[in-house]
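Protein chains: 4
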Amino acid sequence: MQLFAERGYQDVSVNDIASLARVGKGTIYTYFSEKEEILEACVSFIFRSFVEGIKKALRQSKDVESFLDTFVDTFLVDVHINSRVLFAFHRRVHKDKKKYECVSGEYRKMMESFYNKYRGEIKVDFKSMYALFTSFLMASYLAYESMEPELLKGVVKKGLFYSITSSPK
Amino acid sequence: MQLFAERGYQDVSVNDIASLARVGKGTIYTYFSEKEEILEACVSFIFRSFVEGIKKALRQSKDVESFLDTFVDTFLVDVHINSRVLFAFHRRVHKDKKKYECVSGEYRKMMESFYNKYRGEIKVDFKSMYALFTSFLMASYLAYESMEPELLKGVVKKGLFYSITSSPK
Amino acid sequence: MQLFAERGYQDVSVNDIASLARVGKGTIYTYFSEKEEILEACVSFIFRSFVEGIKKALRQSKDVESFLDTFVDTFLVDVHINSRVLFAFHRRVHKDKKKYECVSGEYRKMMESFYNKYRGEIKVDFKSMYALFTSFLMASYLAYESMEPELLKGVVKKGLFYSITSSPK
Amino acid sequence: MQLFAERGYQDVSVNDIASLARVGKGTIYTYFSEKEEILEACVSFIFRSFVEGIKKALRQSKDVESFLDTFVDTFLVDVHINSRVLFAFHRRVHKDKKKYECVSGEYRKMMESFYNKYRGEIKVDFKSMYALFTSFLMASYLAYESMEPELLKGVVKKGLFYSITSSPK
DNA sequence: AATGAATGAGTGTTCATTCAT
DNA sequence: TATGAATGAACACTCATTCAT
Numbered sequence: 001m002q003l004f005a006e007r008g009y010q011d012v013s014v015n016d017i018a019s020l021a022r023v024g025k026g027t028i029y030t031y032f033s034e035k036e037e038i039l040e041a042c043v044s045f046i047f048r049s050f051v052e053g054i055k056k057a058l059r060q061s062k063d064v065e066s067f068l069d070t071f072v073d074t075f076l077v078d079v080h081i082n083s084r085v086l087f088a089f090h091r092r093v094h095k096d097k098k099k100y101e102c103v104s105g106e107y108r109k110m111m112e113s114f115y116n117k118y119r120g121e122i123k124v125d126f127k128s129m130y131a132l133f134t135s136f137l138m139a140s141y142l143a144y145e146s147m148e149p150e151l152l153k154g155v156v157k158k159g160l161f162y163s164i165t166s167s168p169k
Numbered sequence: 001m002q003l004f005a006e007r008g009y010q011d012v013s014v015n016d017i018a019s020l021a022r023v024g025k026g027t028i029y030t031y032f033s034e035k036e037e038i039l040e041a042c043v044s045f046i047f048r049s050f051v052e053g054i055k056k057a058l059r060q061s062k063d064v065e066s067f068l069d070t071f072v073d074t075f076l077v078d079v080h081i082n083s084r085v086l087f088a089f090h091r092r093v094h095k096d097k098k099k100y101e102c103v104s105g106e107y108r109k110m111m112e113s114f115y116n117k118y119r120g121e122i123k124v125d126f127k128s129m130y131a132l133f134t135s136f137l138m139a140s141y142l143a144y145e146s147m148e149p150e151l152l153k154g155v156v157k158k159g160l161f162y163s164i165t166s167s168p169k
Numbered sequence: 001m002q003l004f005a006e007r008g009y010q011d012v013s014v015n016d017i018a019s020l021a022r023v024g025k026g027t028i029y030t031y032f033s034e035k036e037e038i039l040e041a042c043v044s045f046i047f048r049s050f051v052e053g054i055k056k057a058l059r060q061s062k063d064v065e066s067f068l069d070t071f072v073d074t075f076l077v078d079v080h081i082n083s084r085v086l087f088a089f090h091r092r093v094h095k096d097k098k099k100y101e102c103v104s105g106e107y108r109k110m111m112e113s114f115y116n117k118y119r120g121e122i123k124v125d126f127k128s129m130y131a132l133f134t135s136f137l138m139a140s141y142l143a144y145e146s147m148e149p150e151l152l153k154g155v156v157k158k159g160l161f162y163s164i165t166s167s168p169k
Numbered sequence: 001m002q003l004f005a006e007r008g009y010q011d012v013s014v015n016d017i018a019s020l021a022r023v024g025k026g027t028i029y030t031y032f033s034e035k036e037e038i039l040e041a042c043v044s045f046i047f048r049s050f051v052e053g054i055k056k057a058l059r060q061s062k063d064v065e066s067f068l069d070t071f072v073d074t075f076l077v078d079v080h081i082n083s084r085v086l087f088a089f090h091r092r093v094h095k096d097k098k099k100y101e102c103v104s105g106e107y108r109k110m111m112e113s114f115y116n117k118y119r120g121e122i123k124v125d126f127k128s129m130y131a132l133f134t135s136f137l138m139a140s141y142l143a144y145e146s147m148e149p150e151l152l153k154g155v156v157k158k159g160l161f162y163s164i165t166s167s168p169k
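Protein chains in written order, with the working numbering: chain U, 1 to 169; chain L, 1 to 169; chain X, 1 to 169; chain G, 1 to 169.
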């Protein structure tokens with residue numbers, strides 16, 4: 001994850017990974033059948049942490065606002081690394097919907113739980129809401145390096161709240 | 001631009017570009033001294049269109065809201081291609097601030113004009129405002145494929161308006 | 001000649017030649033059908049100057065020693081450039097005896113005149129004498145940069161005189 | 001060495017080397033980090049053999065003449081290949097004195113030992129002597145193909161002896 | 001006659017992947 | 001199971017040569 005975050009997918013060689021992991025290059029292929037699988041594993045790991053974040057937020061929240069409060073805090077932990085890895089992945093599997101769904105399936109399901117739980121408050125359809133979450137959260141990576149963390153959190157929280165609860169008229 | 005948008009920088013070979021352009025590989029090097037220069041030219045082209053958009057929006061606007069109204073419409077033309085190319089570029093020149101400033105300089109200046117013109121309404125500092133524009137606009141790429149264009153425009157306009165004019169408290 | 005002397009054959013591009021000559025690249029091909037012909041023309045030019053040198057030396061000399069005195073002086077003019085060009089050529093046409101004989105034919109004939117004129121003094125066969133001239137003169141390039149010109153001339157004159165007039169026993 | 005000797009540096013591709021060595025092109029890069037390093041390795045190998053030759057000659061000799069007798073015999077072994085490789089190298093690193101000194105350093109030191117041991121007999125300064133050795137020995141390559149080996153050896157031995165022991169007046 | 005834009009074969013080099021040990 | 005030497009397809013880039021103007 002460290003390497004993919006620092007340099008993206010293409011600029012990291014299997015050798016780099018093996019070196020950092022202090023194993024032989026061949027050993028990598030005992031556990032992954034190709035380089036892309038390593039990236040997938042990283043992304044799965046990240047999505048699992050998102051799932052945990054949503055679970056926790058769902059448990060502790062009583063409305064969309066309090067959900068976002070907990071979730072965004074969780075999400076923005078490690079945003080520096082996570083989002084870069086996700087970008088690398090996004091670019092990479094762009095057309096291979098299957099692969100994407102495979103690693104993000106559980107996350108999507110949790111988002112559905114959230115959608116269903118607060119269906120009353122949410123004014124956009126699920127697809128749009130999902131897209132808005134993705135967009136806002138990804139965008140926070142781009143802004144991350146130039147903005148105060150607290151300001152960023154505020155913007156993301158309010159921005160998300162605003163866009164999914166206002167009726168688009 | 002088409003190729004960089006579809007596949008990013010690394011997954012496009014100079015040969016691919018030459019083939020699509022129906023010229024010989026060598027011909028490319030008559031006009032660009034290295035592959036990266038092609039990407040830079042694309043990005044410069046995009047930024048020039050942004051600059052035009054801002055100029056027009058500044059001329060026609062009388063407040064932040066009307067500015068955003070015009071600007072976002074202009075910006076979201078070709079967002080499909082533009083933002084992917086910008087992403088490819090972003091990843092690529094990430095650390096080479098010089099190169100980035102070189103192509104985005106004029107755009108930044110126009111944003112400064114906007115900032116100065118409506119300084120009264122805008123509640124965040126310039127750096128944050130710039131980061132927010134970048135983030136929102138980039139993020140619209142990610143959302144673009146899953147959302148209704150009109151819905152997206154609305155979200156971006158309101159989201160931007162909201163995040164730069166609310167005091168972060 | 002300047003370029004070939006400075007950089008050898010391969011490190012000089014047709015473009016370099018055209019630029020230095022202040023003509024278009026295409027113009028080169030009006031006068032030479034391929035790059036190698038340019039080198040050949042240079043070498044022909046050099047050999048013609050050698051031929052002149054031998055002619056003059058033959059006219060003015062009455063024995064091997066006085067011949068060498070005149071010839072070596074003539075030869076070592078421009079040795080810096082000439083020998084580098086000849087080296088470039090030598091390497092290049094190494095196996096193509098035809099090409100070599102073509103440009104050096106007249107020079108060889110003059111050497112034969114010299115050989116025949118002073119056959120009494122010369123103790124090696126023509127082939128060896130020819131090889132020794134070539135060797136000594138070429139070698140002077142390698143020594144040229146580290147030795148006093150006058151010392152070099154002395155060594156070449158005496159070395160040549162010695163090696164062709166001593167009987168090899 | 002065979003390929004560099006036959007065709008020089010530029011006309012040998014890494015592919016040619018790999019093919020002749022019956023290994024994959026990539027394998028070459030496991031052992032050499034760039035093409036030039038291969039040439040350097042060849043030249044180092046040759047210089048090591050020269051160093052051995054001088055050591056042996058110094059051990060067995062009691063004057064300049066007997067030194068040359070042993071040394072030239074050693075030197076002219078493989079002259080066919082060695083000198084062509086050295087020429088390729090000479091042209092190549094011509095301006096990069098560092099690289100040249102790096103591979104020829106030990107050889108130069110041995111020549112200094114020789115110079116110091118027989119300082120009484122030698123009439124030129126070290127630099128000139130070194131240049132003369134280089135020139136004569138290199139020149140023997142050019143003559144090699146047209147002269148009887150024994151005749152050549154004789155010429156080189158006597159030529160060298162003569163040029164370094166006669167006072168240049 | 002002079003040009004230089006266009007070309008593509010050829011180069012050095014990288015790197016994901018394989019496989020014998 | 002762990003390894004890294006070996007591999008060759010693929011890449012960015014160069015340059016002698018052509019040819020329409």
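Even for Gly, the Cβ is constructed at its ideal location relative to N, Cα and C.
Which bits of chain X does residue i rub up against, with CB to CB less than 7 Å?
i                       : result
glutamine 2 of chain G  : Those within 7 Å of glutamine 2 of chain G in chain X number zero; the least Cβ separation is about 14 Å.
glutamine 10 of chain G : Gln10
arginine 108 of chain G : Within 7 Å Cβ-Cβ: nothing; arginine 108 of chain G doesn't reach chain X, min ~12 Å.
Applying a beta-carbon distance threshold of less than 9 Å, which residues of chain X neighbour residue i?
i                        : result
tyrosine 115 of chain G  : Those within 9 Å of tyrosine 115 of chain G in chain X number zero; the least Cβ separation is about 14 Å.
threonine 134 of chain G : Ala139, Leu142, Ala143, Ser146
arginine 48 of chain G   : Neighbours of arginine 48 of chain G on chain X: none; closest Cβ ~21 Å, over 9 Å.
Chain G partners of residue i, CB-CB under 9 Å?
i                      : result
serine 104 of chain X  : Here the premise fails: no neighbours, minimum Cβ distance about 13 Å.
arginine 59 of chain X : Those within 9 Å of arginine 59 of chain X in chain G number zero; the least Cβ separation is about 28 Å.
Given that residue i touches chain G, what residues does it touch there, using C-beta distances under 8 Å?
i                     : result
serine 163 of chain X : Val155, Lys158, Gly159
Using a Cβ cut-off of 7 Å, pull out every chain G residue sitting near residue i, in sequence order please.
i                      : result
alanine 131 of chain X : Ala143, Ser146, Met147
Residue i versus chain L: which residues are under 8 Å apart at the beta carbon?
i                       : result
arginine 119 of chain U : Under the 8 Å cutoff, chain L gives no residues; its nearest Cβ is about 18 Å from arginine 119 of chain U.
Do the stretch 139-149 of chain L and the stretch 119-135 of chain U make contact, defined as three or more Cβ pairs closer than 8 Å?
Output reads yes: the stretch 119-135 of chain U touches the stretch 139-149 of chain L.
Does the stretch 36-46 of chain L come into contact with the stretch 97-110 of chain L, if we say contact requires no fewer than three beta-carbon pairs (one atom in each stretch) closer than 8 Å?
In short, these stretches touch, since the Cβ pair count reaches three.
With a floor of 4 residues, list each alpha helix (DSSP H) that falls wholly inside the stretch 5-42 of chain X, ordered by position along the chain.
Qualifying alpha helix (DSSP H) stretches, in chain order: 14-20, 25-31.
With 9 Å as the limit, tell me which residues of the stretch 21-37 of chain L have their beta carbon closer than that to any beta carbon of chain U; keep them in chain order.
Those would be none; no residue qualifies.
Runs of alpha helix (DSSP H) lying entirely within the stretch 63-121 of chain X, each at least 4 residues, in chain order
With a minimum length of 4 residues, the continuous alpha helix (DSSP H) runs that stay inside the stretch 63-121 of chain X are 64-76, 79-93, 97-117.
Three Cβ pairs or more, each shorter than 8 Å: is that satisfied between the stretch 117-127 of chain L and the stretch 113-123 of chain U?
Cβ pair count under 8 Å is below three, so no.
Quick test of the definition: if touching needs 3 or more C-beta pairs under 8 Å, does the stretch 77-85 of chain U touch the stretch 23-32 of chain U?
Contact fails: fewer than three Cβ-Cβ distances are below 8 Å.
Does the pairing of the stretch 1-12 of chain X with the stretch 55-63 of chain X give three or more beta-carbon distances under 8 Å?
Because the criterion of three Cβ pairs below 8 Å is not met, the stretch 1-12 of chain X and the stretch 55-63 of chain X do not touch.
Threshold first: 4 residues or longer. Then list the alpha helix (DSSP H) segments lying entirely within the stretch 117-157 of chain G, N to C.
With a minimum length of 4 residues, the continuous alpha helix (DSSP H) runs that stay inside the stretch 117-157 of chain G are 126-144.
Between the stretch 73-80 of chain L and the stretch 158-169 of chain U, are three or more C-beta pairs nearer than 8 Å?
Too few Cβ pairs lie closer than 8 Å, so no.
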